[in-house]
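As structure tokens, the structure follows; a few thoughts come after it.
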Amino acid sequence: MEERFDHRNIEPKWQKYWQERRLYKTITDKSAKKFYCLEMFPYPSGKIHMGHVRNYAIGDVIARYKRMQGYNVLHPMGWDAFGMPAENAAIKHGVHPSKWTHENISYMKSQLNKLGLSYDWDREVATCTPEYYKWNQWFFIKMLQKGLAYKKTSYVNWCRSCATVLANEQVIEEKCWRCDSTVVQKELEQWFLKITHYAEELLSSSDELTGWPEKVVIMQKNWIGKSQGLEVDFRIDGMAESIRIFTTRPDTLFGATFLCLSPKHPLSGRLVSDKAELEKIIAHYGKEDEKAGLNTGHFCINPMNNEKIPIYVANFVLMEYGTGAIMSVPAHDQRDFDFAKKYNLPIRVAIIPPTQPSPSRGEGEGGGGSALSQAFEEDGILVDSGSFTGLKSSDAQATIAEFVEGKGLGKRVINYKLRDWGISRQRYWGTPIPVVYCDVCGIVPVPEEDLPVILPEDVKFTGTGGSPLLESESFLHTTCPSCGGKARRETDTMDTFVDSSWYFIAYCLKQGNGDWGFGISEKNNPDTSPESLTPNPLNYWMPVDQYVGGVEHAVLHLLYSRFFTRVIRDLGLISYSEPFRNLLTQGMVIKDGAKMSKSKGNVVDPDYLIERYGSDTSRLFSLFAAPPERDLEWSDKGVEGAYRFLNRIWAIVYKNRNALCVKGNESKDSNELWVMGNGLKDENSSRITHHASRLLRKTHQTIKKVTTDIEREYHFNTAIAALMELVNEMNSFEPGDSKDMQIMKFAIENTLLLLSPFTPHITEELWAHIGHDASISEKSWPAWDEELVREEEIELVIQVNGKLRGKLMIPCDLTEEEIKARALGDRKITEVIGAKKVRKVIVIKGRLVNIVIGE
RNA sequence: GCCGGAGUGGUGGAAUUGGUAGACACAAGGGACUUAAAAUCCCUCGUUGGCAACAGCGUACCGGUUCGAGUCCGGUCUCCGGCACCA
């Protein structure tokens, strides 16, 4: 055995050992209890960063821990391999996106292996391979058949710099989520996936996501944005048509003093004669600058009071939400209030606070709103509202809605903020959308048996805009699957979020080289043979038991995945609805108070770290320095501390190597050690020394602490702290006789077992040095003995009037009366009490005594 | 503005059900070993007063409940994250 710990030798050695023995290969075995541990797969950008190290270290500890507990663990890894950086690299450096991507994958895979992550690489998927994206296309066709995929012309978010469309979720403060350039509106024909079909289900079942952080669930709920309201028709004065508006405040209907149309509302074009003015409003559509409006000169009739009110076009009214038209109640909506002030429109109060006395008739008549400095948006009592005057807001909402419905003037509706998912991208490096355009037959889906539609490799990357697929003659021209005539392929590709919406399912199906074992193809019913020895892998492995990743995907990827899982369920392929049972969102890795980034120059290179300190140290530090869900402040000094800790363990084993590695000197099981430990209770017994019994107890306490800390939402930092305490205890223990050494060995073995999920290499090495043949990762997780966890003596804290006044060592089996007597008998305490009267004594067994005294 | 979350030593962080605030680590200071340094080991380490035993103060701030509050309740401030004209 080497005297010094040398990670450079040890880590590659054990990585090779695991690989050669295929220790982490997983098979679908119905008799075993399963655990699916998944970390978000990376985009192969070139190199991994510290965020990956942290993410994958967390996942790996969980996977290794569950494996030791006897679970059949699925722990796969793959590549989110389509995307724009590959294409940008092609434009900039002339490398084909495919080559660039595969080279990055190969390098990053070697990095992940250097971290000692226990993946089953036989299940590796890369989304840019035809074997993978074939199924993107298959899902698309299925959705097309079910009416869940459709094409429509609409205004879309367009990024000039990326020359492509962005989904709403990819626009952050009017900027592109990737390149940060300003997003403009452009009218285009686009493919959409009908996620709104599942809006209600995604919302209502989000309450069942009890294993998710609450904030993620709330973010999704807000994103779906359900609201109940009323649609009401306002007849246009002098025309046959009416305008349908949507409101969540029917109680304020009598306060409407004008009506606003979205500039994109079909009627806007007809009611406005000055098209140039309308264009000006459209230019400010949806922008967060000042409100801009345009008087159409037309009027409509408020059906509640038959009042004539003007119709405006307003830039802030969204066509995508509700009906694209609103009634404006400036007295009770701040936006309408601002608009009314700007354009000098009347303000009429229809609701007053319950505490305010009713205005006299005279005041009410005039509208009473001119005195307002801002809108009163809360609920209250209705005034000037015809027969509804005097009602409370909450009652009036229902009553007025019934009235409107009864008169046939409108209906109650539920609206969602969630929009359908636009998936068309005018880009090359993505999944081709499998449809063709035929002059005779129109839009024709590519037949399932012709999938995949292969992305052609012979294209040029000029970067001058437009999809390279438009230039590929061989790809573009095809025949119509329906009539056999000439046809043209769709040249748009899919949003890469489609790829990641079901990759967790792909892992379950893939079992090795090219073999997908794809039970979900065509007519294959998933549960035809429930007793079969090879169960449907989807129903066995799914859902994911633990998903680990960054919170930045709270509404994007995580919502799309929930949507896709439901689509796949409704295709009859699986029987559950939620893909991820438990979700852990890990915090960012920050340095000098900021997220690591090249521009800030505060990045830590994982390659350097692994070379210098090794992967065990890197993993240990990133797990020790903060609990997983919190941001992790990087500290070079802290890494050295973790390294020192591993060296200390090494030194302990080295120091005791001769005594420890003697074969046949296997450590006693806990029963036998319990007997030894018990012997100590008898004061005359010298079976084991006081020191040894303390170490034995500490070992059992540590097994318990580490286990419960991991179970308690993966509090690795405190679990590691407990192991450090145990190592400190071992350090101060000098084994004398063979009994001492047995206990020392027991402590060391358990330390290594408990530490092995965190730092798998050094624990394998030391495990071998103390005389074991098999891999430590195949051992069972240790168990503790509750008898041996318990202390014989405890430190009793004595408080007087809640203030700490003394401490006393007492046997832990004293009765309450005895404890009380000892506390009151303590010399220091009697001094403090003095002549004062003891009013009350509170005894908390095993913890403290509080003596309440008074005059 | 709305919805979340968080404020604890010089620093990262502990304190699991209301019961010893500061585990564990980093940094700092002192010491041992060494010709010297590195490494390692030992000691000190919230703050104020005191040689000391000890005492006072202390978990963003103010108040409340309680024998007892970092933890529960009410209010205030600050920071972070998400959403943001969704009618």
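Numbering-wise, the working numbering puts 13 at position 20 of the first sequence, and it's gapless, one number per residue.
In this text, a Cβ means the ideal position worked out from N, Cα and C, and glycines have one as well.
No experiment lies behind these values; they were computed from the predicted model shown.
Quick one: measure Cβ to Cβ for residue i and residue j, integer angstroms, because I've assumed they're closer than 8 Å.
{"i": "residue 230", "j": "residue 293", "result": "6 Å"}
{"i": "residue 45", "j": "residue 35", "result": "6 Å"}
{"i": "residue 624", "j": "residue 583", "result": "5 Å"}
{"i": "residue 344", "j": "residue 369", "result": "6 Å"}
{"i": "residue 438", "j": "residue 427", "result": "6 Å"}
{"i": "residue 206", "j": "residue 711", "result": "Not a contact, Cβ separation roughly 19 Å."}
{"i": "residue 653", "j": "residue 691", "result": "Not quite, the Cβ-Cβ distance comes to about 18 Å (not below 8 Å), so this is no contact."}
{"i": "residue 19", "j": "residue 65", "result": "7 Å"}
{"i": "residue 159", "j": "residue 176", "result": "6 Å"}
{"i": "residue 836", "j": "residue 809", "result": "5 Å"}
{"i": "residue 296", "j": "residue 342", "result": "That belief does not hold up - the Cβ atoms of residue 296 and residue 342 are roughly 20 Å apart, past 8 Å."}
{"i": "residue 69", "j": "residue 113", "result": "6 Å"}
For the alpha helix (DSSP H) holding residue i, just list the boundary residues, first then last.
{"i": "residue 177", "result": "Per DSSP, residue 177 belongs to no alpha helix (DSSP H); it is in the beta strand (DSSP E), 176 to 186."}
{"i": "residue 719", "result": "709 to 724"}
{"i": "residue 227", "result": "It is not in any alpha helix (DSSP H) - residue 227 instead sits in the beta strand (DSSP E) that spans 219 to 229."}
{"i": "residue 497", "result": "496 to 502"}
{"i": "residue 149", "result": "No alpha helix (DSSP H) contains residue 149, which is instead part of the beta strand (DSSP E) from 142 to 152."}
{"i": "residue 636", "result": "629 to 648"}
{"i": "residue 105", "result": "90 to 107"}
{"i": "residue 325", "result": "Looking at the DSSP string, residue 325 is not in any alpha helix (DSSP H), and its letter there is neither H nor E."}
{"i": "residue 196", "result": "192 to 197"}
{"i": "residue 1", "result": "0 to 13"}
{"i": "residue 272", "result": "268 to 276"}
{"i": "residue 79", "result": "77 to 86"}
Which residues mark the beginning and the end of the beta strand (DSSP E) in which residue i is found?
{"i": "residue 320", "result": "318 to 321"}
{"i": "residue 123", "result": "Unbroken run through residue 123 is the alpha helix (DSSP H), 123 to 138; no beta strand (DSSP E)."}
{"i": "residue 46", "result": "Careful: residue 46 lies outside any beta strand (DSSP E), inside the alpha helix (DSSP H) at 43 to 61."}
{"i": "residue 450", "result": "First-last for residue 450: undefined, no H or E at that position."}
{"i": "residue 701", "result": "From DSSP, residue 701 is part of no beta strand (DSSP E) but of the alpha helix (DSSP H) over 683 to 704."}
{"i": "residue 471", "result": "470 to 472"}
Just to confirm my understanding: we take residue i, look at its own chain, exclude 5 residues before and 5 after, and list those with CB closer than 6 Å. What are they?
{"i": "residue 264", "result": "289, 291"}
{"i": "residue 108", "result": "608"}
{"i": "residue 526", "result": "Its pLDDT being 41, under 50, residue 526 is placed unreliably in this model, and the value from its coordinates should be taken loosely. Hits under 6 Å: none found."}
{"i": "residue 220", "result": "241, 408"}
{"i": "residue 675", "result": "A caution first: residue 675 carries a pLDDT of 49, below 50, which makes its placement in the model unreliable, though a value can still be read off. Cβ within range, chain order: n/a, list empty."}
{"i": "residue 202", "result": "210"}
{"i": "residue 29", "result": "67, 534, 537, 538"}
Excluding the 5 residues flanking residue i on each side, which residues of the same chain have their C-beta closer than 7 Å to its C-beta?
{"i": "residue 803", "result": "786, 787, 789, 812, 815"}
{"i": "residue 199", "result": "210, 213, 214"}
{"i": "residue 769", "result": "745, 746, 749, 756, 757, 760"}
{"i": "residue 846", "result": "793, 794, 826, 829, 830, 831, 832"}
{"i": "residue 752", "result": "609, 612, 613, 639"}
{"i": "residue 635", "result": "610, 613, 614, 617"}
Could you name the residues of the same chain whose beta carbon sits closer than 8 Å to that of residue i, not counting the 5 residues immediately before and after it, in chain order?
{"i": "residue 852", "result": "The question about residue 852 has no answer, for the chain in this structure spans -6 to 848."}
{"i": "residue 284", "result": "307, 308, 309, 328, 331, 332, 335"}
{"i": "residue 355", "result": "Confidence in residue 355 is poor, its pLDDT being 40 and thus under 50, which makes the residue's placement unreliable; the coordinate value appears in the next sentence. None."}
{"i": "residue 717", "result": "638"}
{"i": "residue 271", "result": "256, 261, 262, 265, 287, 306"}
{"i": "residue 822", "result": "791, 793, 798, 799, 816, 844"}
{"i": "residue 151", "result": "157, 158, 159, 176, 177, 178, 179, 181"}
Return yes when at least one heavy atom of the ligand NAD lies under 7 Å from the C-beta of residue i, else no.
{"i": "residue 465", "result": "The ligand NAD is not among the ligands present in this structure, which contains no ligands whatsoever."}
In chain order, each beta strand (DSSP E) run of at least 3 residues that lies wholly inside the region 528 to 614 | Whole beta strand (DSSP E) segments, 3+ residues: 539 to 543, 576 to 579, 582 to 584.
Spell out a yes or no on whether the region 116 to 124 and the region 137 to 145 are touching, meaning 3 or more CB-CB pairs, one atom from each, closer than 8 Å.
-> The region 116 to 124 vs the region 137 to 145: no contact.
Contact the region 533 to 546 vs the region 574 to 583: 3+ CB pairs below 8 Å = With a cut-off of 8 Å on Cβ pairs, the region 533 to 546 is in contact with the region 574 to 583, counting three or more such pairs.
The region 94 to 101 touching the region 52 to 66, judged by at least three CB pairs closer than 8 Å = As far as the Cβ criterion goes, the region 94 to 101 does not touch the region 52 to 66, which means the pair count is below three.
Contiguous alpha helix (DSSP H) assignments of at least 4 residues, all confined to the region 741 to 824 | Runs of the alpha helix (DSSP H) lying entirely within the region 741 to 824 and spanning at least 4 residues, in chain order: 753 to 762, 779 to 782, 809 to 818.
Should the region 584 to 592 be called in touch with the region 604 to 621, which here means at least 3 C-beta pairs below 8 Å?
-> No, the region 584 to 592 is not in contact with the region 604 to 621.
Validate contact between the region 487 to 498 and the region 456 to 475 using beta carbons, cut 8 Å, 3 pairs = Between the region 487 to 498 and the region 456 to 475, the count of C-beta pairs closer than 8 Å stays below three; the two stretches do not touch.
Given 8 Å as the limit, is there contact between the region 472 to 492 and the region 417 to 433, that is, 3 or more CB pairs closer than that?
-> Yes: the two stretches touch, three or more of their Cβ pairs being nearer than 8 Å.
So, do the region 479 to 494 and the region 119 to 133 have three or more beta carbon pairs nearer to each other than 8 Å?
-> With the cut-off at 8 Å, the region 479 to 494 and the region 119 to 133 touch.
Does the region 447 to 467 touch the region 397 to 415, meaning 3 or more C-beta pairs lie closer than 8 Å?
-> Pairwise C-beta distances place the region 397 to 415 out of contact with the region 447 to 467, as fewer than three of them are shorter than 8 Å.
Entirely enclosed beta strand (DSSP E) segments - the region 231 to 264, minimum 3 residues | Taking only runs of at least 3 residues, the beta strand (DSSP E) segments lying wholly in the region 231 to 264 are 235 to 240, 251 to 254.
Touching or not, the region 411 to 419 and the region 179 to 195, by the rule of three or more beta carbon pairs under 8 Å?
-> Of all C-beta pairs linking the region 411 to 419 to the region 179 to 195, three or more are shorter than 8 Å, placing the two stretches in contact.
Let me know the alpha helix (DSSP H) ranges lying completely inside the region 373 to 417, each 4 residues or longer, listed in chain order.
-> Within the region 373 to 417, the complete alpha helix (DSSP H) segments at least 4 residues long are 386 to 399, listed from N- to C-terminus.
Flag this pair as touching only if the region 594 to 608 and the region 556 to 573 have three or more C-beta atom pairs under 8 Å; answer yes or no.
-> Verdict: no, contact absent.
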